[in-house]
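Quick note on this note's numbering: the sequence shown kicks off at 1 and runs consecutively.
Worksheet: the structure to be examined is printed underneath.
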Amino acid sequence: MRQVPVVLAWLVNAFENSSEYSEYYLDLQTGKHYFYAPMDFPEHEEKVKKMDSQPENFARLPKLDKELDIKIKQDFIDTLDAPLVKEILAKALAADVDFRKALMDDDYEETRREWYNYQNDRYAVFLKEWFKAKGIELVEANHPGRNDPCGINKRI
Numbered sequence: 001m002r003q004v005p006v007v008l009a010w011l012v013n014a015f016e017n018s019s020e021y022s023e024y025y026l027d028l029q030t031g032k033h034y035f036y037a038p039m040d041f042p043e044h045e046e047k048v049k050k051m052d053s054q055p056e057n058f059a060r061l062p063k064l065d066k067e068l069d070i071k072i073k074q075d076f077i078d079t080l081d082a083p084l085v086k087e088i089l090a091k092a093l094a095a096d097v098d099f100r101k102a103l104m105d106d107d108y109e110e111t112r113r114e115w116y117n118y119q120n121d122r123y124a125v126f127l128k129e130w131f132k133a134k135g136i137e138l139v140e141a142n143h144p145g146r147n148d149p150c151g152i153n154k155r156i
């Protein structure tokens, strides 16, 4: 199986922010990911075609679909013990309200953080399995900037 070094948190973020109007690609050599929005930037169309023509070097990231999103949300609700929080999130799920918005009250800060961690962990598992099915093993790498991606600490 081909191993690709990645910063999984960056891929999870790209996956979470995917849309029908954008494309994310993983460089299978370096583990770097690229963002393209051909509808907004026509010059990106050529880059997307070029990457699609090199499947040995680049992989287009999958898009987050509604079914997976709903499944992960329902699974999270099932992990909770607090009846009130379960009810709030069940209503949010039924009304298609983002869990972040449903948990904005300070009383739910801990649950909101648990949700973020749970969601990110589940997205990471999904991505690892998706790539594994394509013969690619995502290996967590300690890239420069991993803990400080903008280099903020170097400027302070």
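Beta carbons are placed, not taken as given, at the ideal position from N, Cα and C, and that holds for glycine.
What separation, rounded to the nearest whole angstrom, lies between the Cα atoms of residue i and residue j?
i, j, result
"residue 116", "residue 77", "13 Å"
"residue 100", "residue 34", "26 Å"
"residue 72", "residue 66", "10 Å"
"residue 79", "residue 45", "43 Å"
"residue 138", "residue 91", "36 Å"
"residue 26", "residue 97", "30 Å"
"residue 108", "residue 68", "24 Å"
"residue 31", "residue 112", "30 Å"
"residue 54", "residue 18", "21 Å"
"residue 114", "residue 103", "11 Å"
"residue 127", "residue 2", "15 Å"
Between which two residues does the beta strand (DSSP E) holding residue i run?
i, result
"residue 26", "23-27"
"residue 59", "58-60"
"residue 97", "Residue 97 -> no beta strand (DSSP E), and no H or E assigned at all."
On the three-state DSSP scale, how would you describe residue i?
i, result
"residue 145", "Here the model assigns residue 145 a pLDDT of 49, short of 50, so the residue's position is not dependable, and the following value carries that caveat. Residue 145 falls in the coil class under three-state DSSP."
"residue 5", "strand"
"residue 67", "helix"
"residue 89", "helix"
"residue 103", "coil"
"residue 11", "helix"
"residue 138", "strand"
"residue 76", "helix"
"residue 51", "helix"
"residue 16", "helix"
"residue 83", "helix"
Please say whether residue j and residue i have beta carbons closer to each other than 8 Å?
i, j, result
"residue 20", "residue 48", "no"
"residue 16", "residue 93", "no"
"residue 141", "residue 6", "yes"
The alpha helix (DSSP H) with residue i in it runs from where to where?
i, result
"residue 118", "109-132"
"residue 32", "Careful: residue 32 lies outside any alpha helix (DSSP H) and carries neither H nor E."
Next on the checklist: Between the stretch 53-61 and the stretch 86-94, can you find at least three pairs of beta-carbon atoms closer than 8 Å?
Outcome noted: In short, these stretches do not touch, since the Cβ pair count stays below three.
Checklist entry - When the Cβ atoms of the stretch 121-135 are set against those of the stretch 12-19, are three or more pairs found closer than 8 Å? => result They touch, by the three-pair rule.
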